[in-house]
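Visitor: Numbering-wise, UniProt numbering puts 232 at position 232 of the sequence shown, and it's gapless, one number per residue.
Handing you a structure now.
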Amino acid sequence: MKKRVWLILAAAALIFIVTFVFYENNFNMNEKEVVIETVDGTLSGIVTTPKKEPIKGIVLFVHGDGAQNAQYDGGYRPLMERFAKQGYASISWDKPGVGQSDGNWLNQSMEDRANEVDHVIEWAKKEPDLYSKQIILWGASQAGWVIPKVMTARTDITASILVGPAVNWMRQGRYYTLQTLKEADASDEQIQKTIKKEDEQNTLLLEGATFRMYQKKTGDQDMTKDRFEFIQKNMKADATSDIKNIQSPIYLVLAQNDRNVDSAETKRIYEKEVAPKWLHVQTIDGVEHSMLNPRIHHSNTLITLAAIAAPKDFLISQAYLDHCEHILEQLKTPSR
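What follows is the structure, encoded as structure tokens:
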């Protein structure tokens with residue numbers, strides 16, 4: 001009798017787990033793969049749309065650093081579902097050289113990345129199923145050097161959502177180094193030694209050293225030639241001049257505990273350079289740069305488990321998702 005009870009309980013638990021995992025991975029939106037033809041080659045991407053028509057507008061996802069695929073390994077889906085709930089289609093694509101996209105993202109400057117966004121916007125405008133009178137740009141981290149360029153060059157951007165953007169490449173790198181050393185409880189001597197080494201590396205990069213010369217003088221064998229050239233091409237990036245010319249709503253979403261980007265500096269510069277009528281700033285309590293659920297962000301095991309079993313409600317900060325959804329909810333829908 002007891003064995004039968006345990007079997008029933010085990011079966012019920014299994015059914016609950018399977019049902020829960022299915023629900024957490026079943027996002028309430030349509031999703032299709034697309035091929036985006038641009039003057040610089042083909043980009044493989046995805047478009048997610050609301051299950052209920054009509055589409056109010058489109059949101060373009062602009063990646064941060066790294067070899068990112070269109071879904072950020074599934075990390076974008078919870079946000080895309082929130083946008084679909086408000087009637088917006090989301091467009092994202094594999095970076096050049098990732099998935100089926102042509103090219104190599106490490107060959108791009110921030111200007112190249114901005115041009116890529118332009119190409120995707122023009123592609124979207126030709127798609128009959130996408131309503132592009134409202135164009136929203138969403139971007140994280142390194143997108144802070146990309147989206148302001150697009151905003152100042154175009155007049156058809158309805159609004160932009162920037163998550164944890166930096167302003168100055170060099171200052172952001174130094175901030176990250178110091179935060180990493182602080183977390184490691186480094187001594188003053190270790191900090192000074194690391195800063196000196198970083199300064200020497202940056203000087204070589206700024207002076208145009210070749211990759212071979214850089215490796216010889218620094219002993220850095222971890223950096224690839226492509227990454228070296230990417231940094232050398234972009235390390236002078238500073239978004240201030242583009243930020244000054246922003247003439248449409250920009251929603252700045254900052255992390256309270258960001259060790260990658262100096263949120264206080266970003267907030268200060270945007271508030272100084274952007275007219276108050278355009279700028280909206282929100283700091284999400286408890287989160288770090290990635291906007292992951294603060295209850296799991298210090299455990300790779302829990303992050304992996306949440307990504308597999310419960311991405312909808314447990315992977316990403318709900319406060320962050322709520323805020324991004326509210327941004328689109330309050331936008332006025334233009335007449336068709």
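From the three backbone atoms N, C-alpha and C, an ideal C-beta is built for every residue, glycine too.
Can the beta-carbon of Pro165 be found less than 8 angstroms from the beta-carbon of Asp242?
Guide: No, the Cβ-Cβ distance between Pro165 and Asp242 is not below 8 angstroms.
Visitor: How many Å lie between Thr38 and Ser290 at the Cα?
Guide: 30 angstroms
Visitor: Is His63 buried or exposed, if buried means 16 or more other CB atoms sit within 10 Å of its CB?
Guide: buried
Visitor: Tell me, please, which residues DSSP counts as bridged to Val47.
Guide: Lys32 and Ile91
Visitor: Apart from the five residues just before and just after Arg113, which ones in its own chain have a Cβ nearer than 6 angstroms to its Cβ?
Guide: Val146
Visitor: What is the rounded straight-line gap between the Cα of Val47 and the Cα of Val281?
Guide: 28 angstroms
Visitor: On the DSSP bridge list, what partners appear for His298?
Guide: DSSP lists no partner for His298.
Visitor: If we count Cβ pairs, one from each stretch, closer than 8 angstroms, do we get three or more for the region 72-88 versus the region 316-330?
Guide: yes
Visitor: Roughly how many angstroms lie between the CA atoms of Pro78 and Asp313, to the nearest whole one?
Guide: 8 angstroms
Visitor: Quick one: measure Cβ to Cβ for Thr49 and Asn25, integer angstroms, because I've assumed they're closer than 8 angstroms.
Guide: About 18 angstroms; that fails the 8 angstroms criterion.
Visitor: With H, G and I counted as helix, E and B as strand and the rest as coil, what does DSSP make of Tyr131?
Guide: coil
Visitor: Near His297, what residues of its chain come up, given a Cβ to Cβ distance below 8 angstroms and the 5 sequence neighbours on each side ignored?
Guide: Val287, Glu288, Ser290 and Ile303
Visitor: For Met80, I'd like the list of residues in its chain whose CB is within less than 6 angstroms of its CB, leaving aside the five on either flank, ordered along the chain.
Guide: Thr48 and Ser90
Visitor: I need the straight-line Cα distance from Ser160 to Ala184, nearest angstrom please.
Guide: 35 angstroms
Visitor: Between which two residues does the alpha helix (DSSP H) carrying Leu79 extend?
Guide: Per DSSP, the continuous alpha helix (DSSP H) segment holding Leu79 begins and ends at Arg77 to Lys85.
Visitor: Under 8 angstroms, do Gly57 and Lys126 count as touching if we go by C-beta distance?
Guide: No; because the gap between Cβ atoms is not below 8 angstroms, this pair is not in contact.
Visitor: Label Gly66 either buried or exposed according to how many other C-beta atoms from any shown protein chain fall within 10 Å of its C-beta, with 16 as the threshold for buried.
Guide: exposed
Visitor: Would you mind reading off the limits of the alpha helix (DSSP H) that contains Phe61?
Guide: Per DSSP, Phe61 belongs to no alpha helix (DSSP H); it is in the beta strand (DSSP E), Gly57 to Val62.
Visitor: Classify Val35: buried if its beta carbon has 16 or more other beta carbons within 10 angstroms, exposed otherwise.
Guide: exposed
Visitor: Please state whether DSSP places Val253 in a helix, a strand or coil.
Guide: For Val253, the secondary structure class from DSSP, reduced to helix, strand or coil, is strand.
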